[in-house]
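Single-structure report; data block below.
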Amino acid sequence: PRSGYFSGKRYILAAAVLLIITGIYAFYTMYASRFTSAPLYGSYTQITRDPQLAFGPHLSPDGRFIAYTKFDGEHIHIFTQRVEGGTPMNLTGDSESNNFSPAFSPDGERIAFQSSRDGGGIFLMGATGESVRRLTDFGYHPSWSPDGNEIVFCTELVHNPNSRVGISELWIVNVNTGEPRKIYDGDAVHPQWSPNGRRIAYWAILSGEGQRDLYTIPATGGEPVKITDDVFVNWSPVWSPDGRYLYFSSDRAGTMSLWRVPISERTGKLRGDIELVPTPAQWSGSLSISGDGSVISYAVYHPERNIMKLGLDPATMMVTGAPVPVTRGSRVVARPVPSPDNEWLTYWTPQEGEDIYIMRSDGTDVRRLTNDQYKNRLPRWSNDGNYLVFYSNRGGNYNVWMIHRDGSGLRQLTDFATHSVYHPMFLPGDRHIVANSETGAFIVDLDLPISEREPAYLPPIDEKHLFVARSVSPDGKMLAGHKRQLDIWTSTGIAAYSLENEEYKILTDFGGASEFLNDNKHLLFISRDSLRVVNIETGSISDIYEFPSDWNAGQLSISRDNTTLYFNYGMDNADIWIMRKQ
């Protein structure tokens, strides 16, 4: 669905959180008989090597410079540096706003970018950061026309192809006059202008489907032409300079890697089979190509997520003892949730597909409950501990499914044709579920036949924010979650919703996912590298544990007796690489 898995200041890392299992060379050896390879590039160079996360690269037309985005711990800035090496230059260092998606102009003299400064929009600056000016007051992911007179952009910021919020339109703005015009009101993100200026490539999610597919559309507007049509995550399209190929990122072979497909630049139709473009990386995405096609830049992401548990005294709300690892190693284990008796944990992992697992709370006796081509995500236990509820695209669209803890009894709980569903959880009694979609949180009555289970939506928080439900109070009277901006997947604070009074209470202006304690009056949440507790009645906030700075802790859950906390921890690494033609 259009959902996310990181919140708070680390939502930017969602750009790469598809999370991997093996190196591309190992993969290529295994699948060589299944895919055609395009071994065009043979020299690989790592461009960035510092601890900050670097992503979203864009090469200058002559291939000598590269612009990219880097998170410095406080803000997101745009940097440039020579491809052959040298000191990175921060082009937006004088801004306290976040800046994304740099794109060199065809003559290499200017850079278009998106910024949150002064209310947001598309901006222009010189290639060394000078003479910043606003071009539009909205939009993301700019791409220049070949003649440099226009810029196409979309209306949703997307760093992670698995994380979408709503329908993104396509607009074009005249660089000289600043006059924008809409060319497509369907879904389209990461637009890229073709070399002859006639077509624009993009990727999208069709309404009612969970697929991420590639399209092209005439630059004047009109009917889109579909390039891919499969269950894989296909995104980040870029034209080859001669217009003969469309390069893109895809997990079509089990790990995120680079691909290309021959295409007619005039019609947008395919001219041949999809080919693998091998890279010596575990995860490769978000690519850019130099003007002569001799250099490709791409981002390499290698995350690590394990599970840690921590004791808690519910009477004093003080942490007890030292953290204890439940899992270790180079792996990605997402969103651990303890069973009601605290004997088991359930989790999901984007590795080896996206599947649901359970294991004992000490990390032993791992059992895989799903094993298929579908994306199965974010399991939660039923209140009786016998079942797990999760969301999956196994029916085409993302809907809610249920499975027995031994892997039997797989059953679909919702069958929405136009709603993509995420973060489901049971209300007490297990006869209702709370879940979320692009348009907010809702409740479904499971006593009704599946054909009659329509979502009963909660009201929005206000005209700019929806409510994302993440926790149910033990007495079933309240929901906790976070405020979500309408146009971007990011938390702007924690809120509680009374199911009795149908009223919201805003508790914080920071933080993300939260969990109720048994007194129904306190919420635990993680924010700014600290474990915190907020009193729902008074709004008072206390810090109860500070995480080590290198943990990148998140994904909090708590045992039913409130004595054990579970959370993900691990480090993210993201760097920019280039490869050159042989």
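So the number in this note's numbering is just where the residue sits in the sequence shown, counting from 1, plus 440. All C-beta atoms, glycine included, are put in the ideal place defined by N, C-alpha and C.
- In the DSSP assignment, lysine 945 falls within the unbroken beta strand (DSSP E) covering 943 to 946.
- The three-state reading of DSSP puts glutamate 590 in strand, counting E and B together.
- According to DSSP, residue pairing for methionine 748 in a beta bridge involves Pro765, Phe1007.
- For the stretch 675 to 755, the continuous beta strand (DSSP E) assignments of 3+ residues that do not extend past its boundaries occur at 685 to 690, 697 to 702, 715 to 717, 724 to 729, 735 to 741, 746 to 753, in sequence order.
- Bridge partners of lysine 923 according to DSSP: Phe907.
- When rounded, the separation of the alpha-carbon atoms in alanine 993 and valine 740 is 21 Å.
- Nearest to methionine 918 by alpha-carbon distance, out of Ile976, Asp902, Val861, Arg968, is Ile976.
- A Cβ-Cβ distance of about 19 Å is found for the pair glycine 836 and isoleucine 843, leaving them out of contact under the 8 Å criterion.
- Within its own chain, the residues whose Cβ lies closer than 6 Å to the Cβ of serine 822, once the five positions on either side in sequence are excluded, are Phe866, Asp870, listed in chain order.
- The C-beta distance from phenylalanine 956 to serine 911 rounds to 5 Å, short enough to fall under 8 Å.
- Less than 7 Å separates the beta-carbon of aspartate 627 from that of isoleucine 645.
- Under the DSSP assignment, valine 629 falls in the beta strand (DSSP E) whose first and last residues are 629 to 633.
- Leaving aside the five residues that flank leucine 886 on each side, the residues in its chain whose CB is nearer than 8 Å to its CB run, in chain order, Leu853, Asp870, Arg871, His872, Ile873, Arg893.
- Rounded to the nearest whole angstrom, the C-alpha separation of asparagine 782 and leucine 964 is 18 Å.
- The Cβ-Cβ distance between threonine 786 and proline 819 falls below 7 Å.
- Annotation: the continuous beta strand (DSSP E) that includes aspartate 983 extends over 981 to 986.
- Beta-bridge partners assigned by DSSP to leucine 493: Phe511.
- A straight line joining the alpha-carbon of leucine 727 with that of valine 665 spans about 22 Å.
- Remark: C-beta atoms of glycine 921 and proline 900 do not approach each other more closely than 7 Å.
- Taking C-alpha positions only, serine 634 is separated from isoleucine 667 by approximately 14 Å.
- DSSP assignment within the stretch 778 to 824 yields the following whole beta strand (DSSP E) runs of 3 residues or more, N-terminal first: 784 to 789, 795 to 800, 816 to 821.
- Nearest to threonine 948 by C-alpha distance, out of Asp959, Val973, Leu939, Asn958, is Val973.
- Taken atom to atom, the span from the alpha-carbon of glutamine 651 to that of valine 671 is near 5 Å.
- Boundaries of the beta strand (DSSP E) harbouring serine 583: 580 to 584, taken from the DSSP string.
- Taking 7 Å as the cut-off, the Cβ atoms of glycine 733 and proline 681 count as close.
- Burial of methionine 799 is indicated by the presence of at least 16 other C-beta atoms within 10 angstroms of its C-beta.
- By the neighbour-count criterion, in which a residue is buried when 16 or more other Cβ atoms sit within 10 angstroms of its Cβ, proline 868 is exposed.
- Taking each of Lys749, Gly952, Gly482 in turn and checking the Cα distance to valine 908, the smallest one comes out for Gly952.
- When only Cα atoms are considered, serine 970 and tyrosine 985 end up about 6 Å apart.
- DSSP places glycine 880 within a strand segment (E or B) once states are collapsed to three.
- Under the 10 Å beta carbon count, valine 764 is surrounded by fewer than 16 other beta carbons and is classified as exposed.
- Residues of the same chain with a CB within less than 8 Å of the CB of tyrosine 642, apart from the 5 flanking positions on each side, are Cys594, Leu610, Ala628, Val629, His630, Pro631, Gln632, Leu654, Tyr655, Thr656, Ile657, Pro677 in chain order.
- The three-state reading of DSSP puts serine 541 in strand, counting E and B together.
- In the three-state reduction of the DSSP assignment, glutamate 892 falls in the helix class.
- Put simply, the backbone Cα of aspartate 534 is about 11 Å away from that of glutamate 570.
- In this model, threonine 617 and histidine 498 are separated by some 25 Å (Cα to Cα).
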